[in-house]
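The numbering of the sequence shown is full-length UniProt numbering, which starts it at 1 and goes up by one. Every residue, glycine too, gets a C-beta built ideally from N, C-alpha and C.
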Amino acid sequence: MQLRKLSVILLALLLAGMVMVPMVSAANDATIHISSAQLAEESRMMSVDVSKIPVRDLTIDDNVEKVTVKQSLTSEEGDGISTISPGSIIRHSKDNITRVFDGSGKQVLYANDDEAALVPTPSGKMLPASRIHQVPSGAFLKTVGTVTYVISGGEVLFTVINDRAGDMSDEKALADTNAVLVNPDFTGWIEDAFDNNVPQIGYFSAYWVAPSHPPSSESQEAIFLFNAIQPSAGNAIIQPVLEWNQPSTGLYWTGAAWSLRNGVGYPSSRVRVNDGETVRGQMVWRPSMNAWLIMFTNGAGQTVSKYTTDISTDRNLATFVALEGTKIDDNTDVPGDTTFSSMQFLSGLGGSTVPIVWGQNINPNAPLTQLRVQIISNPSSVKLHTAN
């Protein structure tokens, strides 16, 4: 049975979540600051009381409706998503079952992750749609232990309990019990520049131009281009991402702020991007929130963003710029060359420059030719070459 919409989310709630879009301004990238309005919004999000969410008083009842999840499970409404009631509690168990409870803790449905549609993600894996949760731009993802509260507009939109925490290895690796292997096509990071030894960083910004799109138009052949930060433990990653051919969108470029942790992914709402458009990805450490702010901005100046505590430190991190693909079988599945330029690495807003030394990596399992990672100027400019 298909997942049916359980309720209609209030338009006012959606608008409240979308009104305040976090913005980091930069005058020639020399003076970076967050506006007073955004500081007030951050304080408002931090003050939301999550203690009344009944995360420990859930009533399991698998006699309720079983559903097959084919799209992102979220309290938002729109195309390409599966809508649940505002205030819902989602629980991911280690036995690959996802259960949804209402705000009182009563179970309303359950789904088998192994039967869900597979969704391309920028972690190098396809994940079940039941473990992908789109959030509105500007949302704050507050993770306490295994519980993540999605906060927007002064309210908890929904809550996710991830009992799978701790059983996922390096987010980039394909071989993992929490991933779904896709054969014989290739899924994973294709090529990247990396620095795995960054003692401290509080700001990472990069520009790049949306390249010519892949010649192929086959379904699920998704492409991701991004700059990223990952903790040394390798169990999470944050990324402002340029995407091509997502199942929920189509054969065009979109941008989103992503975070993934322990096999659960949280993309923000998306903005449209055209071939040849200059985009920007920024990640900003917010010490007052113990969280990272992730922002993607398209050429029209539209920004989507979110805060996440999935990485709750600015210490002992790794940085990346990367090209990733899903179900890749030849050169027609990848875009043209991409140059990440004017990259900036700071200790924090208004802080000192952080030294980055890029290494180069090309995945030998990718069925592609003419791949090359070119360090044009270390660390400010990197070009990822393809056959196109």
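- Between the beta-carbon of Asn388 and that of Ser212 there is about 6 Å, and that keeps the pair under the 8 Å contact cut.
- In terms of CA proximity to Asn96, Gly263 leads the group Gly263, Val147 and Arg286.
- Contact check for Thr148 and Val160: beta-carbon distance about 5 Å, within the 8 Å limit, so the pair qualifies.
- Residue state for Asn331 is assigned as helix, using DSSP reduced to three classes.
- A check of alpha carbon separations from Asp333 across Trp358, Pro367 and Tyr266 identifies Pro367 as the nearest.
- Taking the Cβ atoms as the reference, Pro214 lies roughly 36 Å from Asn316, outside the contact range of under 8 Å.
- In the DSSP annotation of this structure, Met283 is not part of any alpha helix (DSSP H); the continuous beta strand (DSSP E) holding it starts and ends at Thr278 to Arg286.
- Within its own chain, the residues whose Cβ lies closer than 7 Å to the Cβ of Asp185, once the five positions on either side in sequence are excluded, are Lys327, Ile328 and Asp329, listed in chain order.
- Excluding five sequence positions before and after Gln246, the CB atoms of its chain that fall closer than 7 Å to its own CB belong to Pro120, Ala222 and Thr254, given in chain order.
- Just so you know, the alpha carbons of Gln374 and Trp189 end up roughly 16 Å apart.
- The Cβ atoms of Ala318 and Phe194 lie closer than 8 Å to each other.
- For the 8 Å CB-CB criterion, Leu346 and Gly250 do not form a contact.
- When the alpha-carbon of Pro122 is set against those of Phe224, Ile90, Val108 and Glu277, the nearest one is in Phe224.
- Taking every protein chain shown into account, the CB of Asp114 has fewer than 16 other CB atoms within 10 angstroms, so this residue is exposed.
- When C-alpha distances from Gln107 are compared across Ile81, Asp57, Val241 and Asn361, the shortest belongs to Asp57.
- CA-CA distance, Val241 to Met46, rounds to 26 Å.
- Judged by DSSP in its simplified three-state form, Asp113 adopts helix.
- Under the three-state reduction of DSSP, Arg99 is assigned to strand.
- Pairing Ala139 with Pro128 gives a Cβ-Cβ distance that is not under 8 Å.
- Taking the Cβ atoms as the reference, Phe320 lies roughly 4 Å from Ala228, within the contact range of under 8 Å.
- Under the three-state reduction of DSSP output, Arg131 falls in the helix class.
- According to the DSSP secondary-structure assignment, Leu118 is paired through a beta bridge with Pro128.
- If you draw a straight line from the Cα of Glu191 to the Cα of Lys306, it comes to about 26 Å.
- Burial state of Glu324 is buried, judged by a 10 Å Cβ sphere holding 16 or more other Cβ atoms.
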